[in-house]
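Numbering (our numbering), first residue to last: 3 to 291.
Presented below is the structure to which this report refers.
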Amino acid sequence: MKNAECRMRNVECGMWNAECRMDRKRFRLRPDALMLVALFGVLWLLPDVVAVLARPHDEAWARVQAAGVIHFATEASYMPFEGVGGDGVFYGLDIDVAREAARRLGVKAEFTNVGIDGLYDALRVGQADAAISALPIDPARLGKWAYSNPYFDGGLTLVTPAESHLANESDLPGRAIAVALGSDGDARLRYYQRRMAGIAAVKLDSPVEALRAVEAGRADAALLDRVTAWQSLASGFARLHIAAQLTSEPYAIAAWGESVELKAALDRALESMRADGTLERIINEWMVK
């Protein structure tokens, strides 16, 4: 009986294996069928692939080259960097920098007045190719936005009498430093006082009053941002000068994060302007107005 049962089981197993082989054969795709499936997949994806390949690597730079125009977004209410007249003509330090950079790229600069909160959105939607508006480089935006090399540094400066020997942070202990109440200089002075003993604060209502205190000998130096210091000194205070820059706040031209070619072109133009003195001339002209 055992031998008979074993033979029966072997027969059943053989029949089951045969059925499995038939099923595998039934569902096995022939080579020509596989080719048809692959071809269908390629045709299905072809429009998307073509669209990706046809899209310029840097859309902003492609627009600039095609139109011969680079559109700058700017918030035209911060002199001496940017302003706009009743006739719609833009002017200012940033405007001159942008126009000269565009000229060196072989294109024309055009400007759109955009609120400060909308500058980056203008780049994102393609309303502008670049933004120039006394924009400090924001590390939190790097990657999403591309910044050119800096063209101006608006950091805090130390203004002293010409005969003073104050030249850096280490010279501050034992000195009286004038600042405008609530300014960046005020905040920085409190930072120094926490770390160095013997620094006296002379807090006044305005940068001009801080400079007057230095000129009158009631303070050894004033701590002011570079723009305020430069413009204030140009309007008077012949005995005072900028002795040192203590902090850095670089301003740059911003572009959309993928605009690597446009950024590189702007960097080349700015470097050329820096090398031949044009950038310094533009800055000096507007800082004394």
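Note that the Cβ used here is the ideal one computed from N, Cα and C, for glycine as well.
- Taking 3 residues as the shortest admissible run, the stretch 50-101 contains the following complete beta strand (DSSP E) segments, listed from N- to C-terminal end: 71-76.
- Going by DSSP, Glu-112 is part of no alpha helix (DSSP H) but of the beta strand (DSSP E) stretching over 110-115.
- When the Cα atoms are used, Met-198 and Ala-231 turn out to be separated by approximately 24 Å.
- Per the DSSP secondary-structure output, Trp-147 pairs in a beta bridge with Leu-144, Trp-258.
- Taking a contact to require three or more Cβ pairs closer than 8 Å, the stretch 175-183 and the stretch 252-265 do not qualify as touching.
- Within the DSSP secondary-structure output, Gln-247 pairs in a beta bridge with Thr-159.
- Look at the beta carbons and you see the stretch 147-157 touching the stretch 263-274: at least three pairs across the two are nearer than 8 Å.
- Pairing Ala-68 with Leu-264 gives a Cβ-Cβ distance that is not under 8 Å.
- The continuous stretches of beta strand (DSSP E) do not include Ile-285, which lies in the alpha helix (DSSP H) extending over residues 280-289.
- A residue is called buried when at least 16 other Cβ atoms come within 10 angstroms of its Cβ; Glu-84 meets this threshold and is buried.
- By the Cβ neighbour-count rule, Leu-213 is buried, with 16 or more other Cβ atoms within 10 Å of its own.
- For Ala-224, the enclosing beta strand (DSSP E) begins and ends at 223-227.
- Across the structure, Asp-155 and Asp-140 are spaced so that their CA atoms are roughly 14 Å apart.
- Put simply, the stretch 70-83 touches the stretch 91-99. At least three CB pairs are less than 8 Å apart.
- In this model, Leu-107 and Gln-129 are separated by some 20 Å (Cα to Cα).
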